[in-house]
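A.B. asks: Here it is: the structure, laid out below.
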Amino acid sequence: MYAIEVEGVSRIYQKYSARHRFQTFKSALLKGDLFRALKPDELVLALDDVTIRVEKGKTFGVIGENGSGKSTLLKIIAGIAKPTRGRVRTEGKVSALIELGAGFHPEISGRENIYINGIMLGLTKKEISAKFDEIVAFAELEDFIDAPVKTYSSGMYMRLGFAIAINVNPDILLIDEVLAVGDAAFVPKCLDRIDDFRRREKTILFVSHDLPTVARICDTVAWLKAGRVQAIGDPQRIVDAYLQDVAEKQEKDFEKRRREVREEPAAESDRRENRWGKREIEITRVSLKDRDGREKHVFSPEEGMTIEMDVVASSPERDFVFGIGIFNSQGISCYGTNTHLEDYEPVSIEGEGKVLCQIERLNLINGTYYLDVAVHRQDGYPYDYHRNLYSFMVSSNLKDVGVARLEHRWEFSPNIRLKPPRRPGA
1049 MYAIEVEGVS RIYQKYSARH RFQTFKSALL KGDLFRALKP DELVLALDDV TIRVEKGKTF
1109 GVIGENGSGK STLLKIIAGI AKPTRGRVRT EGKVSALIEL GAGFHPEISG RENIYINGIM
1169 LGLTKKEISA KFDEIVAFAE LEDFIDAPVK TYSSGMYMRL GFAIAINVNP DILLIDEVLA
1229 VGDAAFVPKC LDRIDDFRRR EKTILFVSHD LPTVARICDT VAWLKAGRVQ AIGDPQRIVD
1289 AYLQDVAEKQ EKDFEKRRRE VREEPAAESD RRENRWGKRE IEITRVSLKD RDGREKHVFS
1349 PEEGMTIEMD VVASSPERDF VFGIGIFNSQ GISCYGTNTH LEDYEPVSIE GEGKVLCQIE
1409 RLNLINGTYY LDVAVHRQDG YPYDYHRNLY SFMVSSNLKD VGVARLEHRW EFSPNIRLKP
1469 PRRPGA
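Following the working numbering, the numbering of the sequence shown begins with 1049 at its first residue and continues without gaps.
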């Protein structure tokens, strides 16, 4: 049996242009601009024929990029918004944690807001009083509960909203991205309570960009893109499909930016500064590839990269060195090496050939990087030096800082207890 049924739901919004804004109703009438100002410039299809069914007692995840329709879907299921087409049916009491501070009155205290929100969610005043201390303790707001909520931080808003939502004992719990503003100590407590809801076979609809958590806690996941359902199924399979789609989009966007940069007019002196040497040995082409030999420009930190150089020597040479250098967007050298530093002894080169530098793991933090490639003599005389002519991007959910991600692990003595990070499939 289904706790939530969404059948063929579409939601259309009207978008109004800023050029039709007017300062007062009276001025709009006098100018004859009222109806033109109220005319929509375009229609925005936030949801397009969405159908999902959530079984009772299951945790259902919804993922997708910003603007894909996730929050609109939750608002429609919660009854905050109405579908333009289609129908929604829910079985049981619904508690929604959708917008930060939604339903809170900023001028009154947290205490009064608990009672107002509890009544809105279907509790009696007596039931709220019985749960009041538990709500305040869970929200960690004992010292602030009688202060106006307008004085609360975003984290305090989130804690109070979550504490109310879970303590009304709903049959269906809707959770949007609000957990993203939680502090490091409170979010694990929220996730523990969500796990408790799952054990009690409550129905949860969970929207989040935290993909490892989605893959861990959800029984089924739906992926939305531009308002349409792309896929529904096994959490890890859907998350992987979504990540692949995001990577392909990043690749296209990055390639577009690279083309735009290449097409920008540059002074001849700038071009000379980016490449020099008499090219007795010439690097004619450079490409970046993954382990499968596919050319790309967006990589993950743990992914390998092959730097492939097509080279040609117009005449036989016996003194030559091939090198690479990787720099971040601030111009800091992240890594550099060449065949001379690694004790390769040149013997001969003539005609066309290929040079491959295979990097097993990039281990770089998020960001854009620039690549130098060169071929020169052992004394440094340049045959062909390319400075910052190639770029790539490292994209990751990891939050390291600095330049590189060093391979490491943590160990603790028995008297130091920490919960390990949540990983997909754990």
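Built from N, CA and C at the ideal position, the CB exists for glycine as well.
1) What residues in its chain sit with their C-beta under 8 angstroms from that of Thr1387, if we drop five residues either side in the sequence?
2) Is the segment 1120–1138 touching the segment 1283–1303, taking contact as three or more C-beta pairs under 8 angstroms?
3) Give me the residue from Cys1266, Ile1212, His1153 and Thr1172 with the minimum Cα distance to Ala1144.
4) Can Asp1224 and Val1269 be called in contact, C-beta distance under 9 angstroms?
5) Measure from the C-beta of Lys1300 to each C-beta in chain C and report whether the shortest distance is under 9 angstroms.
6) Tell me whether the segment 1398–1405 and the segment 1343–1355 touch, counting them as touching only if at least three CB pairs, one residue from each stretch, are closer than 8 angstroms.
7) Pull up the CB-CB distance for Arg1095 and Val1142, whole angstroms please, since I reckon it's below 8 angstroms.
8) Could you please give the first and the last residue of the uninterrupted alpha helix (DSSP H) stretch that includes Tyr1163?
9) Rounded to the nearest angstrom, what separates Lys1198 and Glu1303 at their Cα positions?
10) Where does Lys1337 sit, in a helix, a strand or coil, going by DSSP?
11) Please classify Ser1119: is it buried, with 16 or more other beta-carbons within 10 angstroms of its beta-carbon, or exposed?
12) Between which two residues does the alpha helix (DSSP H) harbouring Arg1246 extend?
13) My understanding is that Lys1273 touches Gly1112, with C-beta atoms under 8 angstroms, so please give their C-beta distance in whole angstroms.
14) Looking only at DSSP bridge pairs, what is Val1423 linked to?
15) Cα-Cα, which of Glu1350, Glu1343, Tyr1418 and Gly1399 is closest to Gly1379?
16) Take Ile1176 and list the residues in its own chain whose beta-carbon comes closer than 6 angstroms to its own, dropping the five residues that flank it on each side.
17) Going by alpha carbons, who is nearest to Cys1382 out of Val1442, Ile1331 and Val1136?
18) DSSP three-state call for Asp1288: helix, strand or coil?
19) Does DSSP put Gly1056 in a helix, in a strand, or in coil?
20) At what residue ranges does the segment 1090–1158 contain a whole run of the alpha helix (DSSP H), taking only runs of 4 or more?
21) Tell me whether the beta-carbon of Val1346 lies closer than 9 angstroms to the beta-carbon of Phe1245.
22) Any idea which residues DSSP pairs Cys1405 with across the strands?
23) Looking at the strands, I want to know which residues DSSP matches up with Met1441.
24) Does DSSP classify Glu1182 as helix, strand or coil?
25) Buried or exposed for Lys1173, going by 16 or more other Cβ atoms inside 10 Å?
26) Inspect the beta-carbon positions of Glu1139 and Met1206 and report whether they are closer than 9 angstroms.
27) Taking the C-alpha atoms as reference points, what is the distance between Ala1328 and Thr1261?
28) Mind checking whether Ile1265 and Gly1109 have CB atoms under 9 angstroms apart?
29) From Asp1243 to Val1421, what distance separates their C-alpha atoms?
30) What are the partner residues of Ile1280, as DSSP defines its beta bridges?
31) Residues in its own chain within less than 7 angstroms of Val1102 by CB, not counting five upstream and five downstream?
32) Assign Ala1195 to one of three DSSP states: helix, strand, or coil.
33) Is it right to say Asp1258 is buried, meaning 16 or more other beta carbons lie within 10 angstroms of its own, or is it exposed?
34) Exposed or buried, Leu1336, counting other C-beta atoms within 10 Å across all chains shown (16 or more means buried)?
35) Take the Cβ of Asp1432 as the centre, count every other Cβ of all protein chains shown within 10 Å, and call the residue buried at 16 or more, exposed below.
36) Are there 16 or more other CB atoms within 10 angstroms of the CB of Asn1215, so buried, or fewer, so exposed?
C.D. replies: Inspection of the coordinates gives the following:
1) As a first step, residue 1387 must be located in the sequence shown, where it is residue number 339. Excluding residues within five positions, the ones whose Cβ falls inside 8 angstroms are Val1369, Phe1370, Gly1371 and Pro1394.
2) no
3) Within the sequence shown, residue 1144 is the residue found at index 96, counting from 1. Nearest option by C-alpha distance: Ile1212.
4) Position 176 of the sequence shown, counting from 1, holds the residue named residue 1224. Position 221 of the sequence shown, counting from 1, holds the residue named residue 1269. In this structure, Val1269 does not lie closer than 9 angstroms to Asp1224 by Cβ.
5) Of the chains in the structure shown, none is chain C; there is only one protein chain.
6) yes
7) Your numbering for residue 1095 matches position 47 in the sequence shown. Your numbering for residue 1142 matches position 94 in the sequence shown. Per the sequence shown, the amino acid found at residue 1095 is Leu instead of Arg. Actually they are not in contact, since the Cβ atoms of Leu1095 and Val1142 sit about 18 angstroms apart, beyond 8 angstroms.
8) The residue given as residue 1163 occupies position 115 in the sequence shown. Per DSSP, Tyr1163 belongs to the alpha helix (DSSP H) from Gly1158 to Met1168.
9) Here residue 1198 refers to the residue found at position 150 when the sequence shown is read from its first residue. Here residue 1303 refers to the residue found at position 255 when the sequence shown is read from its first residue. Cα to Cα, Lys1198 sits roughly 45 angstroms from Glu1303.
10) Within the sequence shown, the letter at position 289 stands for residue 1337. Note: Lys1337 maps to strand in three-state DSSP.
11) Position 71 of the sequence shown holds residue 1119. Label assigned to Ser1119: buried.
12) What you label residue 1246 is simply residue 198 of the sequence shown in a count that begins at 1. Per DSSP, Arg1246 belongs to the alpha helix (DSSP H) from Phe1234 to Arg1247.
13) Start at 1 with the first residue of the sequence shown, and residue 1273 comes out as number 225. Start at 1 with the first residue of the sequence shown, and residue 1112 comes out as number 64. Indeed, because the Cβ distance is near 6 angstroms, the residues count as touching under 8 angstroms.
14) Position 375 of the sequence shown holds residue 1423. Answer by DSSP bridge pairing, in chain order: Phe1370 and Asp1432.
15) By one-based count along the sequence shown, residue 1379 stands at place 331. When only C-alpha atoms are compared, the closest one is Tyr1418.
16) By one-based count along the sequence shown, residue 1176 stands at place 128. Closer than 6 angstroms at the Cβ level, and outside the excluded window around Ile1176, lie Tyr1163 and Gly1166.
17) Within the sequence shown, residue 1382 is the residue found at index 334, counting from 1. Considering only alpha carbons, the answer is Val1442.
18) Reading the sequence shown from its first residue, position 240 is the one you call residue 1288. Asp1288 falls in the helix class under three-state DSSP.
19) Taking the sequence shown and counting its residues from 1, one reaches residue 1056 at position 8. The answer is strand: DSSP assigns Gly1056 an E or B state.
20) 1118–1126
21) Within the sequence shown, the letter at position 298 stands for residue 1346. Within the sequence shown, the letter at position 197 stands for residue 1245. Cβ atoms of Val1346 and Phe1245: not closer than 9 angstroms.
22) Here the question's residue 1405 lines up with position 357 in the sequence shown. According to DSSP, which records beta bridges pairwise, Cys1405 is partnered with Ile1355.
23) On the sequence shown, residue 1441 is found 393 positions in, with the first residue counted as 1. According to DSSP, which records beta bridges pairwise, Met1441 is partnered with Val1346 and Thr1416.
24) Here residue 1182 is taken as the residue at index 134 of the sequence shown, counted from 1. In the structure shown, Glu1182 sits in a helix (DSSP, three-state: H, G or I).
25) Here residue 1173 refers to the residue found at position 125 of the sequence shown. Result: exposed.
26) Translated into positions along the sequence shown, residue 1139 becomes position 91. Translated into positions along the sequence shown, residue 1206 becomes position 158. Result no, Cβ atoms of Glu1139 and Met1206 do not sit closer than 9 angstroms.
27) As a position in the sequence shown, residue 1328 is number 280, starting the count at 1. As a position in the sequence shown, residue 1261 is number 213, starting the count at 1. Note on residue identity: the sequence assigns Glu, not Ala, to residue 1328. Whole-angstrom Cα-Cα distance: 55 angstroms.
28) Taking the sequence shown and counting its residues from 1, one reaches residue 1265 at position 217. Taking the sequence shown and counting its residues from 1, one reaches residue 1109 at position 61. Yes, Cβ-Cβ distance for Ile1265 and Gly1109 is below 9 angstroms.
29) Position 195 of the sequence shown, counting from 1, holds the residue named residue 1243. Position 373 of the sequence shown, counting from 1, holds the residue named residue 1421. Straight-line Cα distance between these residues: approximately 51 angstroms.
30) The count along the sequence shown starts at 1 and reaches residue 1280 at position 232. Answer is Ala1270.
31) Taking the first residue of the sequence shown as position 1, residue 1102 is located at position 54. So the list reads Tyr1050, Ala1051, Ile1052, Phe1108, Thr1251 and Leu1253, once near-sequence residues are dropped.
32) For the purposes of this step, residue 1195 is taken as residue 147 along the sequence shown, with counting starting at 1. Looking at Ala1195 - three-state DSSP - the assignment turns out to be coil, as it is neither helix nor strand.
33) Position 210 of the sequence shown, counted from the start, is the residue given in the question as residue 1258. Answer is buried; the Cβ neighbour count reaches 16.
34) Position 288 of the sequence shown, counted from the start, is the residue given in the question as residue 1336. Counting Cβ neighbours within 10 Å, Leu1336 comes out buried, since at least 16 surround it.
35) Looking up residue 1432 in the sequence shown gives position 384. It counts as buried.
36) Residue numbering aside, residue 1215 sits at position 167 when the sequence shown is read from its first letter. Counting Cβ neighbours within 10 Å, Asn1215 comes out buried, since at least 16 surround it.
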